[in-house]
Structure formats: C-alpha cells, structure tokens
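Working notes for the structure below.
Protein chains: 2
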Amino acid sequence: MDIQTKTQHFSSPLYLESGRILEPYEIRYETYGKLDDDKRNVILICHALSGSHHAAGTYDGDRKAGWWDGLIGDGKAIDTSRYFVISSNVVGSCFGSTGPMSEKYPSEERYRLKFPVVTIKDMIRAQMHLLSSLGIYHLRAIVGGSMGGMQALQFAVDYPNLADDIISLAATYATRPWTIAFNKVAVEAIRRDSRFENGNYAIDAFVEDGLDGLAIGRIAGHISYLSPHSMDDKFSRNYVGNDGLFELFGRYEVERYMEYNTDNFSKTFDPLSYLYIVKAINTYNLARGYDSLYDAILRIKARVHLISFSSDYLFFPSEMEHIHKMMIRNGQSCSYSEIESDYGHDAFLVELHKFEDEIRDILD
Amino acid sequence: MDIQTKTQHFSSPLYLESGRILEPYEIRYETYGKLDDDKRNVILICHALSGSHHAAGTYDGDRKAGWWDGLIGDGKAIDTSRYFVISSNVVGSCFGSTGPMSEKYPSEERYRLKFPVVTIKDMIRAQMHLLSSLGIYHLRAIVGGSMGGMQALQFAVDYPNLADDIISLAATYATRPWTIAFNKVAVEAIRRDSRFENGNYAIDAFVEDGLDGLAIGRIAGHISYLSPHSMDDKFSRNYVGNDGLFELFGRYEVERYMEYNTDNFSKTFDPLSYLYIVKAINTYNLARGYDSLYDAILRIKARVHLISFSSDYLFFPSEMEHIHKMMIRNGQSCSYSEIESDYGHDAFLVELHKFEDEIRDILD
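Here the protein sequences line up with chains A and B, keeping their order. Here the numbering used here is used: the first residue of the first sequence is 973, the next is one more, and so on. Here the numbering used here is used: the first residue of the second sequence is 973, the next is one more, and so on.
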C-alpha cells in the first residue's frame, strides 16, 4: 500500500460558519493507494475527536498502526488496491492542520483562545478545498465514525452531488445534551486547571506531565465510549493488587484503565484543540442553516448507509434510526443496520469484523 | 410533625470491616413523629451520597425541606402520625457524624486522609449502635434509595431479624465498574486539584470558592443521575443567550445547569467526605463476607421490596431484577417494580408520586 503524508497550504480564506475567516490555513492529510486517471476512484475518510489523518498503515519505527488500519488497505474492506483513499486532519486539531496552537499569520503569535470556533460544516468545507486542490470533484464514498460520521452526513447534506455513497457509523443528526454534558466535564476540567493558564501554556508544557484537566475530562470521555456491559466484561470488580480494598486510593481495574489511558492522552493531545473540537461536536446540528432537519435531509442525493451499535451510550441507535425513517419516508436511498455489540461507542473502532463486509458490499 | 435533631456520642469502638477501629465516634440523626411505648413503630431512613440526616421537614429560616419531605410526614406515605422515623447521617459524611474532618481523639488534629475507609457494612453497623442506644431492637421498615438502598439491602443481609420490610430503590447488589468509572472522575479531579492540598486544606477553605475538583467530579455525577431523555426534556439544545453559539465558552443550557449545581455543591460538601463516601459506594458488594451473593441473599428474612426506574443509567433495573429473581427462586418474600420514568437515577428523589402508594401499601 502506497502511503503519502502531505500538507496542503491554502492562501485563500476559509469562510467559517461564524462569519469569521481563517486565512491562510493548512490541511495535513494522508493518502493510500493510487488515484485513477479519471480521478473517480476516491474514498474520503473522516476522523473522530481524538483521531488524525493517520488512518491506516504503520510509520517506520512506530508500533501502532493508523486508527482504522483493519479496514483500510490492500484487499481490505476499503481496498487500497482499487481505491485512492484520502484522510485529512480536521481544522482545529493538533496533528498538522491549522488549529489554536498555529501561528496567526503574519505574526508569529499563536492563536490560542483567539482561534475562531470551527464547526463540522467548517471542517468539511476545508476538506472540499483540499479535494479541489487535488482536482477531485467526485467521491466514490465518504466514510466516518462518531465525529467522522457527523462529517460524512454533513457532506451528504451540504454537497449533495459530491459522493455516491455516504457511510456514517455511530453518529447522530444533532448532538444531544447528554453528550454535551459529558464534554462539559472536559471543558471545565481543562479551563479550571491552573497549568492551562487560560490557554497561555508553553508549547511543550505537557509533554512530560500531561495536563490533569485533560486527563480528567478524558475519563468522562472514556465512560461514554464504553458501556456498562463492556466494562463488566473488561474489568469486572477486579482490584489492582491484593490488599488495597480498604486503602482510600486503592484502585479497581477500571480505575487503572482510566488513569493509564487518560494520562498518556493528556501528554500527546493539545488541550486547546480538545476544547475546539469538543465545541464543534457540541454545535453539530444537521438542521442548522436549513429550515428544519427534514429540509436538510431532503437535500441528500447520495445513497446513505447508517450503522449504529446496540450498546452505544454516546450516540444511541435510535438517533440513527431517526435519520433512516425520515429518508425512507422521503423515498431517499438509505440503509440502516444496528449491530449487536457490547463494546459501546468504541465498537466502530474495535469490532470491525461486524461491519467490514457491509462496507465492502457497499463499495463493490 | 415533631422533628428532633440530635447527636449521639459513642465511647465504645466501631469495629470496621477493614480491621481498623473508629473510637470514639458520633452519629448525627433526626427523628420525626413519636416512639410508641413498645418501641415497635420505627422506620429507618437511609440517605444517599450527598444526603444527610435531614430527610424531612423544614428548619426555621430555611427555604428547602429535607430531601424526602414529600414522602415523610403526617399523613404522607411514611406517615409520621403513626411511625417514629429515624434518619441518621452516615459515618464518613460531613453533616455531623464522625468523618475525615473530625478531630482524632485525644488529639485535636483532624483525621483527614488518616480517616479509615468505611464501607456500607460499617455505615449500617454504626446505625445499629444508634438504634441500641435508643433501646430500639425492631424496625417496622428500612427505606432508602441509591446508597440508601444499598444500606437497606445490607441491613437485610447482615441483620436478618431486624426489620419486617426492606424497601430499596434505585440500588444494586454490587457496584459495577460503570459506576466506579463515574466516581473516578471525582476522585481524580479532587486529588489533582492543587487547592485540595492532599487533604490538608483549611476547614473553611471552600466556603467562598468551592473546590473546582469537587465541582468537576460532580458534573460526572449529575450525568449519571440523569438520562439522555431527561436531559432532552429539561434542556433540549437550548443555548444560554442569543449570540453565544460561536463563542468557545458560550454555553448550552445543560452546561449552565451543570455549572450552577456543581459550583454550589462544591461550597457546601466536604471533598474528603466525598472521597470516603464514594469509596464506600465503590466497595459495596452484598456478597462480601459471605460465600457468594446467593449465600448472602439467602440470609434475608424480611419482606424485600425492590423499586427500580426504567431510565436509571447509574444502577440499571436489570441489577435489581437479579436480586428479585434470586429471592423468588429461593422462595423468599420479594416484590419488584420497575417504574417507567424519564428522570433517570434521580427519579427516586423526584417522582415520588410514582411509588409513594406502593410504600404506603407496604407499610399499611
């Protein structure tokens, strides 16, 4: 599989939904496979909150493959021997695309809290510019889970003629207060952490000791990505060590898991980017900019494929079902599968074997 | 209704499950109604994590009544014109019973992190001592929700001859990792808050500005007390103010609710007590000290009444059902009702009208 990692620079402005402008800006992206001469074998992958453009393959010297490596590759469900796959880092993130820690041209000052709020609509508009810059005007499919699934649906609504198929997993039509509340833990924990310094922290401030606020917020995140059942299976009521039950800070295995995962995360993810991406998720609402959700959905021309997971406690299956019912009532092309899973929201990253055939069939 | 608020001092030791000893200790408690001459008209009320002995009535000059005031009073479901109701503050809490901020006799130093871990079993053992000191050896009923429901069930197992009826709402037989994970947010947020000073904060340190760590942990708590549906009903996607959608720290109504409730809470509740009570909830397991859950449950002689709420996302109805099935299989007396509610775990405090008749019937 041919992997290319590149950065595209845009000197033309990105007009944001807020009315503000991002100019200039950059998009970091990765491609897998080969672009056909007619440039019509393209599949766009959209990443989730903590994801990046690195969706597949393994970098030299790296142990970990991209976040959807099981799905994307030669002969895999998203077959890079047939398709040219593009995966970009969203604006606002911290893996190479312009975000709050980027320098605000022409100064060398970083944006920090002066970075404009970006929305899911803004994220996909930036990706449209990336596609244009590559001379690509038609997509075979757009695929994403969670915030990536939001982007896929937003593409379907905002750019009805762009893609043949839209595959959205573990997403919704508008973020509910339940999810906003989980995000609120992170927002408050980051804001109130004195080391966050109201966004004025040094660039490498958290490399050694991650920001506690981000780690704490991420614990709430991990709760919402799992499910009661997946936690039972994974951790049961097992205790770490033998004699710690009556120690105040003795830990259950689920607690160790939360500490381990979140402490590491808080060393590698930028807290300002976290705040901005969480804001984009909170403000996600397919209906915004249209008369109603019905009006927004009605614009869709692509075949839409919705995949939810029975134990998803962040975006419930009923939310995807709502879109499906609306599209079917409108006579639009839409399939819906609720996959039985105990893995919760994380299933879209974990239980690939349960939906890879469906994706393969859609693309065939 | 005759309300009495008192403190009982115990100079004899409280032997804790950990092997440690609390000596001396005090229990703050409240009573409603009049004790019969034969002392057999007693109902014991057990409170939840953030609760206190103040379950009913309104103090002079106070606007807010006790936390179950709708249920307890003259002519109410728990009828104080017939019953003598006792409600005590659990050991470890911060409303008058001995807890981590109490002075460690004979020194005048406070326990702080040297306070021993207390468990649900310890909490009820202390209440047994309180009952003995009042000459009460038989209870008409024990009633509690959430951690109070855990105590009610633990009473049923540990002291099978004490009460005629056990009414446990919104509880479980053992705390699952899902709940421990929610509590973990609070544990980490408190521990890592620099103003917590590893438990060495001044006694009135948080009266003006609550401890951020406790407020943040409490946001996670409030998520688990509500449900996706109750949040939809309560907040929808409403925004606070008109023009804040594209402000990074502009807030949705659900966010304002979380801030308001948790900031106030963090000014009035002691963070060390919070850590200790959360530990008691985490370690709750009816089976501990017995061969198995089956063995523990088999000891119960009281009539047990389990009430769960369909939308409880903290302790799921299936957990109460599990106890019910086990007791029915054993030929023990047990009723189970799952109440339709959109209020989530909080329903046991909010939707009294949906279960007060059941409680009245049980007590009649």
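Even glycine gets a Cβ: it sits at the ideal position worked out from N, Cα and C. Nothing here was measured: the structure is a model prediction, and the numbers come from that model.
| Query | Result |
| --- | --- |
| Is it buried or exposed for B:Asn1257, if we count other Cβ within 10 angstroms and need 16 for buried? | buried |
| So, is B:Gln1123 buried or exposed, given that buried needs 16 or more other C-beta atoms within 10 angstroms? | buried |
| Taking only beta carbons into account, state which residues of the segment 1011-1031 of chain A come closer than 9 angstroms to chain B, listed in chain order. | none |
| Beta carbons nearer than 9 angstroms to chain A: which residues of the segment 982-998 of chain B have them? | Leu988, Glu989, Ser990, Gly991, Arg992 |
| From which residue to which residue does the alpha helix (DSSP H) around B:His1025 run? | Unbroken run through B:His1025: none, as it is neither H nor E. |
| Pull up the distance between the alpha-carbon of A:His1025 and that of A:Asp1242, whole angstroms please. | 16 angstroms |
| Output, in sequence order along the chain, the residues in the segment 1189-1217 of chain B whose CB is closer than 8 angstroms to any CB in chain A. | Ile1191, Ala1192, His1194, Ile1195, Leu1198, Ser1199, Pro1200, Met1203, Asp1204, Lys1206, Phe1207, Ser1208, Arg1209, Leu1217 |
| Spatial neighbours of B:Ile1152 within its chain, please: CB distance less than 7 angstroms, with the 5 preceding and 5 following residues excluded, ordered by chain position. | Asn1254 |
| For B:Trp1150, return the contacting residues in chain A, with the cut-off set at a CB-CB distance below 7 angstroms. | Pro1200, Met1203 |
| Since A:Val1179 meets chain B, which of its residues come closer than 9 angstroms, beta carbon to beta carbon? | Per Cβ cutoff of 9 angstroms: no residues; A:Val1179 is ~18 angstroms from chain B at best. |
| Considering only C-alpha positions, which residue in the set A:Ser983, A:Gly1316, A:Met1100 is nearest to A:Asn1133? | A:Met1100 |
| Can you give me, in chain order, the residues of the segment 1280-1312 of chain A that have a beta carbon less than 7 angstroms from any beta carbon in chain B? | Phe1288 |
| Am I right that A:Tyr1248 and A:Phe1087 are in contact with their C-beta atoms under 8 angstroms? What's the rounded C-beta distance? | 6 angstroms |
| Can you look up B:His1019 in the DSSP assignment and give me helix, strand or coil? | coil |
| Sort A:Leu994, A:Glu1293, A:Met1292 by Cα distance to A:Ala1098 and report the nearest one. | A:Leu994 |
| Could you check the C-alpha separation between A:Ile1175 and A:Asp1184 for me, to the nearest Å? | 16 angstroms |
| CA-CA distance, A:Glu989 and B:Met1299? | 59 angstroms |
| May I ask which residues mark the beginning and end of the beta strand (DSSP E) holding A:Gln932? | Residue 932 of chain A is absent from the model: chain A starts at 973 and stops at 1336. |
| At which residue ranges does the segment 1076-1118 of chain B contain complete beta strand (DSSP E) runs of 3 or more residues, listed in the order of the chain? | 1111-1117 |
| Answer yes or no: do B:Trp1040 and B:Ile1017 have a C-beta to C-beta separation smaller than 8 angstroms? | yes |
| Across which residues does DSSP place B:Ser1140 in a beta bridge pair? | B:Gly1116, B:Leu1278 |
| So, under 8 angstroms CB-CB, A:Ser1309 and A:Ile1272 are touching, yes? Tell me the CB distance rounded to an integer number of Å. | Incorrect: roughly 18 angstroms between the Cβ atoms, too far for contact. |
| At 3 residues or longer, what runs of the beta strand (DSSP E) sit wholly inside the segment 979-1051 of chain B? | 997-1004, 1014-1018 |
| Can A:Met973 and A:Thr1091 be called in contact, C-beta distance under 8 angstroms? | no |
| Answer yes or no: do A:Glu1002 and A:Phe982 have a C-beta to C-beta separation smaller than 8 angstroms? | no |
| Out of A:Ile1191, A:Thr1144, A:Ile1331, A:Arg1112, point me to the one whose CA is closest to A:Asp1008's CA. | A:Arg1112 |
| By the three-class DSSP mapping on this structure, what secondary structure does B:Glu1310 have? | strand |
| May I ask you to report which of helix, strand or coil DSSP gives A:Asn1254? | helix |
| Determine, using beta carbons only, whether A:Phe1056 comes closer than 8 angstroms to chain B. | no |
| Where DSSP assigns a beta bridge to A:Val1057, which residues make up the other side? | A:Tyr1004, A:Ile1015 |
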